Structure formats: structure tokens, C-alpha cells
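Undergrad: Numbering (the working numbering), first residue to last: 5 to 141.
Quick one: the structure is below, and I'll ask about it shortly.
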Amino acid sequence: MCSAELAAEHSHLVEPASRQLICACEACAILFSGQTNTKYKRVPRRALALPDFQLTDGQWDSLMVPIQPAFFFQSTPDNRVVALYPSPAGATESLLALDSWNEIVEDNPVLQEMESDVEALLVKRVGGARSINSTRG
5 MCSAELAAEH
15 SHLVEPASRQ
25 LICACEACAI
35 LFSGQTNTKY
45 KRVPRRALAL
55 PDFQLTDGQW
65 DSLMVPIQPA
75 FFFQSTPDNR
85 VVALYPSPAG
95 ATESLLALDS
105 WNEIVEDNPV
115 LQEMESDVEA
125 LLVKRVGGAR
135 SINSTRG
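Here it is as C-alpha cells:
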């Protein structure tokens, strides 16, 4: 943002309207910490494993996301939960209804604590193994 040289480990900001990430020095990143009505939001560096997370096969199927892994986040510009998954063209947004999301949140109240636009739920379901993480940063 300010053209300062960045260290290998540095902060990031997201522009919610475009979903673009930008690198930022610590001084610039601090300016956007905890801000809600600004062009950019600071991306936290925290990642949590959610070992008690509950997601049944039926709930996953009802999300109608065609591939795994996928991640879900609350988008303030879109005023809804967005699901993204990998494709050869890069991250692809699911255009399918996420009606069952509320049921999943009801079963997993920790999801209500995710900060809009900058925190996401990463879901990886491979074979019999299931891996669920809340990514923060």
C-alpha cells in the first residue's frame, strides 16, 4: 500500500468488493484492524482446527458444491455466504443455493464467530477422512 519493503512474513488486506488480497506492511495493516466500513479489511493470521465440527453427508450433499475442498465465508458486499472451490481456471464460486448453511451453523455455533470477508471455513472431505478448519489469515 505505502510502497515500504515487505518482509517475507507480512500482513494482508482484502478488498471485500473485489475479493482481492494485497500485501501490506504492519503499519498499513494496523490502520485497517477491526475496521468495518473501509475499503480494505485486515486478514487475521489465525487458523483453527475444529475437531468437534459436525457436517453430515446429507448436509454436505445439500450444499451442492461439486468438488472438494471448498471454503465458505460471509460476504458483506453480497450479503450472503459464498462457497468457493478449486478448478483449472482458479477459485470458482458456487452459484448453487446454500439454503442448508443455516442448519450447519445451528449445529456448529463457532461459525457465527467468523469475521465476515476475512475468515472462512475450509472443508476437505476425501474418502472416509474428513478435515474441517476455520481459516483466519
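Backbone N, C-alpha and C define an ideal beta-carbon position, used for all residues, glycine too.
This structure is a prediction, so every number in the text was calculated from the model and none was measured.
#1: At the level of alpha carbons, what is the spacing between glutamine 78 and aspartate 121?
#2: Rounded to a whole number of angstroms, what is the C-alpha to C-alpha distance between lysine 128 and glutamine 72?
#3: Pop quiz: glutamate 97 and valine 86 are said to be a contact at Cβ under 8 Å. What is the actual Cβ separation, rounded to whole angstroms?
#4: How should leucine 158 be labelled, buried or exposed, when 16 other C-beta atoms within 10 angstroms of its C-beta is the threshold for buried?
#5: Looking at the unbroken beta strand (DSSP E) that takes in alanine 53, where does it start and where does it end?
#6: Count the C-beta pairs between the region 57–65 and the region 37–47 that are closer than 8 Å, then say yes if the count reaches three, no if not.
#7: My output table needs one value for glutamate 119: the three-state DSSP class, helix, strand or coil.
#8: Rounded to whole angstroms, how far is the Cβ of leucine 88 from the Cβ of alanine 74, which I believe are closer than 8 Å?
#9: Can you tell me whether glutamate 110 is helix, strand or coil according to DSSP?
#10: The alpha helix (DSSP H) spanning cysteine 32 covers which residue range?
TA: By the coordinates alone:
#1: Roughly 6 Å between the two C-alpha positions.
#2: 6 Å
#3: 6 Å
#4: Since the first residue shown for the chain is 5 and the last is 141, residue 158 is missing from the structure and cannot be characterised.
#5: If you look at alanine 53, you'll find it in the beta strand (DSSP E) that goes 51–53.
#6: Touching, no, given that fewer than three Cβ pairs across the two stretches are closer than 8 Å.
#7: coil
#8: 7 Å
#9: helix
#10: 30–35
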